[in-house]
Each structure stands twice: as C-alpha cells, then as structure tokens.
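Those protein sequence lines, which keep their order, are chains A and B. Residue numbers for the first sequence follow our numbering, beginning at 6 and rising by one. Residue numbers for the second sequence follow our numbering, beginning at -2 and rising by one. For glycine and all other residues, C-beta sits at the position ideal for the given N, C-alpha and C. The structure displayed is predicted, hence computed values, not measured ones.
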Amino acid sequence: MPSLDDLKKRIKSVKSTQKITKAMKMVAAAKLRKAQESAEKGRPYSQKMQNIILNLTKSINDPHNAPRLLVGTGEDKKYLCVVLTADRGLCGGFNSNICKLAKTNFKKILSEGKELNIITVGSKGHDQIKREYGKYVIKKFSFKDKKNISFNEADEVGKEIISLFNQNKFDKCIIFYNNFKNVITQIPQAQQIIPAETKNLKEGNNQNFSYEFEPEEDEILEDLLPKNISTQVFKALLENAASEQGSRMTAMDNATRNAGDLVDKLTIDYNRSRQASITKELIEIISGAESL
Amino acid sequence: MTDMFTIEIISPDQSILKQEVDEVTIPSYEGQMGILNNHIPLITFLRPGIITIKAKAEKKFYVEDGTVEFSNNNLLILTSTARDLANFDKALVNDLLKKTESQLNNTNFTDKDRYKISYKIETLREISQ
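1) Under 7 angstroms Cβ-Cβ, which residues of chain A neighbour B/I7?
2) Three-state secondary structure (DSSP) at A/I273?
3) Can you find a CB in chain A that lies within less than 8 angstroms of the CB of B/Y26?
4) Of the residues that make up the region 214 to 226 of chain A, which ones have a beta carbon closer than 9 angstroms to any beta carbon in chain B?
5) Have a look at A/Q133 and A/N122 and give me their C-alpha separation to the nearest angstrom.
6) Residue range of the beta strand (DSSP E) that B/E66 falls in?
7) Near B/D62, what residues of its chain come up, given a Cβ to Cβ distance below 8 angstroms and the 5 sequence neighbours on each side ignored?
8) For A/R253, count the other beta carbons within 10 Å of its own beta carbon; 16 or more makes it buried, fewer makes it exposed. Which is it?
9) For the alpha helix (DSSP H) that A/P49 lies in, which residues bound it at each end?
10) What does B/L75 touch in chain A if you count any residue whose Cβ is under 8 angstroms from its own?
11) In the DSSP assignment, find the unbroken beta strand (DSSP E) run with B/L39 in it and report its ends.
12) Under a three-way DSSP split, which group does B/A88 fall into?
13) I need the DSSP call for B/N34, collapsed to helix, strand or coil.
14) If we cut at 8 angstroms on Cβ distances, does A/T236 have a partner in chain B?
15) Is the Cβ of B/T97 closer than 8 angstroms to any Cβ of chain A?
16) Is it true that the CB of B/R80 sits closer than 8 angstroms to the CB of B/F58?
17) With a threshold of 8 angstroms between beta carbons, is B/D81 in contact with chain A?
18) Can you tell me the Cα-Cα spacing of A/D258 and A/G97, whole angstroms?
19) I need the DSSP call for A/F175, collapsed to helix, strand or coil.
20) Does the distance from the CB of A/Y182 to the CB of A/A241 come in under 8 angstroms?
21) Could you tell me which of A/P49, A/T109 and A/L106 sits nearest to B/Q11, measuring between CA atoms?
22) Tell me, please, whether the CB atom of B/L39 is closer than 8 angstroms to any CB atom in chain A?
23) Short of 8 angstroms in beta carbon distance, which residues of its chain neighbour A/I192, apart from the five on each side in sequence? Order them along the chain.
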C-alpha cells in the first residue's frame, strides 16, 4: 500500500502529464485545420494531372516508343520503395501503420527474390525500418526544419526518384503514405508511381476526345511525367501531414482522457487510505480510553 | 451570351482562379496562343510568359511553366509558378531577373533550357519596365 505522500505525488505528476497532452491536442487541432485545408486544395491538381496523362496515354499507339516513365522498363526485378512518415512521434499508430504496411510489402518483394531499395522520408519511419531493413535503405530525407511542406520538398524527392530511374536502379516504384480520410481515420496506402498506374483512374472521366497536341504527344509526356512524379509525392506529403495531425489529435485526446480517469482512480485511493488512517487513529484512541 | 468559357488555374497548393472569360492568351511552348470559346480539345505546355485573360476586367499572370488542357469549353492550366501581375513586387522581379541572367552563363544547359531561360528573361524584363 503506497503511503499518502506517494499517492499525492503520483496524482500531481499525472495531472501535469495531462496538461501536456491537452496542450499537444490543442496544437494538433489547430495545425490539423491548416494541413487538412492544404491537402484538400492540393487534390484537384494531382487529379487533373492524372487525367491529362490518362488522355495522353490513350493516344499513344505504339507502346514500344512510349516514354519509359509511363510504361516502365518492361521488367519486374528491381523495386524502389519510398516510405513517407512523420518526423515526430506521439501521434498514435500513424508511423507504425505505414511501416507495417511497408514491411509486409518488403517481405513479399524479397521472398519473390527481387531486388529491393528503400528511400525513407521522415525520420520516424527511418528509425523503424532501419532495424530490419537497414541495408536496403539507400537514401533518407528529413524535412524536420521545414514548417510547411511546399512543392520544393516534393520536387527534391521526385528528382531523386527520377535520377535513380534513369540510372536503371529500379523497374518499379511504390510509395507508402497515409491517406487522410477524416480526423479519426487514416488509411495507410501503397501506390505505384512508376510505371504510372492508369487502371485506378475513374472511368467516369473517360471522355473520348481527339486532342490536338502541341508539340507532339511524346514531347509533352516527357515534360509532364517527371512533374507528375513530384506531384504524386507532393500529394502524399500533404495527405501525410494532415493525417499526422489528425492522428496526433486523436491520440492526445485519448491520453488526456486516460489521464483524467487515472487521476480519479488515484484520488479515490488517496481518500480511502486517508480515511483508513483516520479510522485507525480513532480506534486506537477509543480502545485506549476503554482500557482505563 | 454564351461566348464565354471557363478558365481554371490550379497550382499544387491551391486553386488560383476559376471564372468565366471571353478570351485567353497563353504563352504555349511553340508560341503565343489565343483561345476562344469552342476551341478544339487541346493539350500543350507552357514556356515562361504572361497569361492574359480577357473578361469584364483584364487579368494577367506570369508563369514559368505549366500544362494546359482545353476540353468542353473548360480551360485548365496546371502550373506551380503562376503569379498575378497586379501584385507582383517589382523588387522581386528584378531579383528573379538577376538570378536568371546569371544562369545564362551555365554551360550545362541544353538548348531546351536555354530556350526557356531566354523567354524568362524577356518576360521579366518586360514586367520590370
């Protein structure tokens, strides 16, 4: 049985932890609004770009002459996995969920005897992945010192991916990130960006136009495809940023509630043992008086 | 009248403009291009230059690159560099101009880069005057 003083100290410490988690929750909520806004604003750009690419793809008749970024190298041996996570912890299962999904994929790739390369974005993901798959990590990015994610950061990652592709370092590229559905739900996702996945696009937008191209189709594609890679990375980063804040908010909300429950329980314990000691003292006094 | 069509300018972080317009002139990669209502479907991309939008009020945007799609009387411009000329700071223009001019001496550039840079300088000079 802990002493009264111990209980008192314990209650105090839980209460101050609660203050911290509450503050973190509030900060996350404020940041979430901003992040969510920019994630939603960023969506049309990447969607429309996918649309244009889809329209372009349809007009290419000869797949052998199509740009490699679109159709791939024709092989399926080397994989590049880009894992996008946060730079900070204390956001519930956010980082672990992405890593879990990524690791399942790594296992599959390796068990099929294929070559694996990993790029991590965000230090938390790197920490989790290097334990098991450290030797496959070829590059890590961290945007810890950046307050807001801008297109430049995504472009940095995108350019790295493209330069690796041009060096024939991989045949397929998959990115892992959390898709922001709403504040409570974030869905970890694997998306293949090279070769571009066209089957996922909504068929509803599939109007048949004969477009006029200026300059030629392949020249446009050459310009557009690298941009699309960066755009997809940017989209993933934005979704991730919103998910991180949402996830942190939920986690901190839970933590605050838990701390509240704990304080209640400890207060009852404290009152009980205080009462017990008073009763004990009373009994001692009464039985002392009786024996006189 | 139905002589109008919709223009949408979208950058990676936000939607910059969406409105009904009469005519748009874009600096397409192979030259200036004027777009009116009922243009045939078109996909092209931009070189540095100025997008001029004619509606009730005229609007001008500076762009460095971008992709353009026109279909169903919808003009879609995807660009990461659009700036409204109405609030484009002169000092910033000169700054950009200096930076770009210094790039001109870089010998690593391909002809394509050079082509773009020369247009960029020309446009920036025009703005700064």
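Result, derived from the coordinates:
1) What you label residue 7 of chain B is simply residue 10 of the second sequence in a count that begins at 1. Within 7 angstroms Cβ-Cβ: P49, Y50 and K53.
2) As a working mapping, residue 273 of chain A is identified with position 268 in the first sequence. If DSSP states are grouped into helix, strand and coil, A/I273 belongs with the helices.
3) In the second sequence, counting from the first residue as 1, residue 26 of chain B sits at position 29. Yes, B/Y26 lies at the interface with chain A (some Cβ there is under 8 angstroms from its Cβ).
4) Along the region 214 to 226 of chain A, the positions whose C-beta sits under 9 angstroms from a C-beta of chain B are F214, S215, Y216, E217, F218, E219, P220, E222, E224 and I225, read in chain order.
5) Along the first sequence, read from residue 1 onward, the residue named residue 133 of chain A stands at position 128. Along the first sequence, read from residue 1 onward, the residue named residue 122 of chain A stands at position 117. So the alpha carbons of these two residues sit roughly 16 angstroms apart.
6) The residue labelled residue 66 of chain B in the question sits at position 69 within the second sequence. Counting along the chain, the beta strand (DSSP E) containing B/E66 begins and ends at T64 to S68.
7) Counting from 1 along the second sequence, the entry for residue 62 of chain B is found at position 65. Correct list, in chain order: F42, L43, R44, P45, T76, S77, T78 and K113.
8) Against the first sequence, residue 253 of chain A aligns to sequence position 248. So A/R253 counts as buried.
9) In the first sequence, counting from the first residue as 1, residue 49 of chain A sits at position 44. L9 to K63 is the extent of the alpha helix (DSSP H) around A/P49.
10) Residue 75 of chain B sits at position 78 when you count from the first residue of the second sequence. Ordered by position in chain A, the residues that pass the 8 angstroms Cβ test against B/L75 are Y50, K53, M54 and I57.
11) For the purposes of this step, residue 39 of chain B is taken as residue 42 along the second sequence, with counting starting at 1. Per DSSP, B/L39 belongs to the beta strand (DSSP E) from L39 to F42.
12) Reading the second sequence from its first residue, position 91 is the one you call residue 88 of chain B. The answer is helix: DSSP assigns B/A88 an H, G or I state.
13) As a working note, residue 34 of chain B is residue 37 in the second sequence. B/N34: coil per DSSP, three-state reduction.
14) In the first sequence, the residue the question calls residue 236 of chain A occupies position 231. Closer than 8 angstroms: yes.
15) Here residue 97 of chain B is taken as the residue at index 100 of the second sequence, counted from 1. It does not: the Cβ of B/T97 has no partner Cβ on chain A nearer than 8 angstroms.
16) Position 61 of the second sequence, counted from the first residue, corresponds to residue 58 of chain B. Position 83 of the second sequence, counted from the first residue, corresponds to residue 80 of chain B. Yes. Within cutoff.
17) By 1-based counting over the second sequence, the position of residue 81 of chain B is 84. No - not a single Cβ of chain A is within 8 angstroms of the one on B/D81.
18) Counting from one through the first sequence, the residue named residue 258 of chain A turns up at place 253. Counting from one through the first sequence, the residue named residue 97 of chain A turns up at place 92. Rounded to whole angstroms, A/D258 and A/G97 show a C-alpha spacing of 10 angstroms.
19) In the first sequence, counting from the first residue as 1, residue 175 of chain A sits at position 170. Correct three-state label for A/F175: coil.
20) Here residue 182 of chain A refers to the residue found at position 177 of the first sequence. Here residue 241 of chain A refers to the residue found at position 236 of the first sequence. For A/Y182 and A/A241, yes; Cβs fall inside 8 angstroms.
21) By one-based count along the second sequence, residue 11 of chain B stands at place 14. Its Cα nearest to that of B/Q11, the residue A/P49 stands out among A/P49, A/T109 and A/L106.
22) By one-based count along the second sequence, residue 39 of chain B stands at place 42. Taking 8 angstroms as the threshold, the shortest C-beta distance from B/L39 to chain A falls below it.
23) Along the first sequence, one-based indexing puts residue 192 of chain A at 187. Spatial neighbours of A/I192 in its own chain (CB-CB distance under 8 angstroms, excluding positions within 5 residues in sequence) are listed in chain order as N183, N184 and K186.
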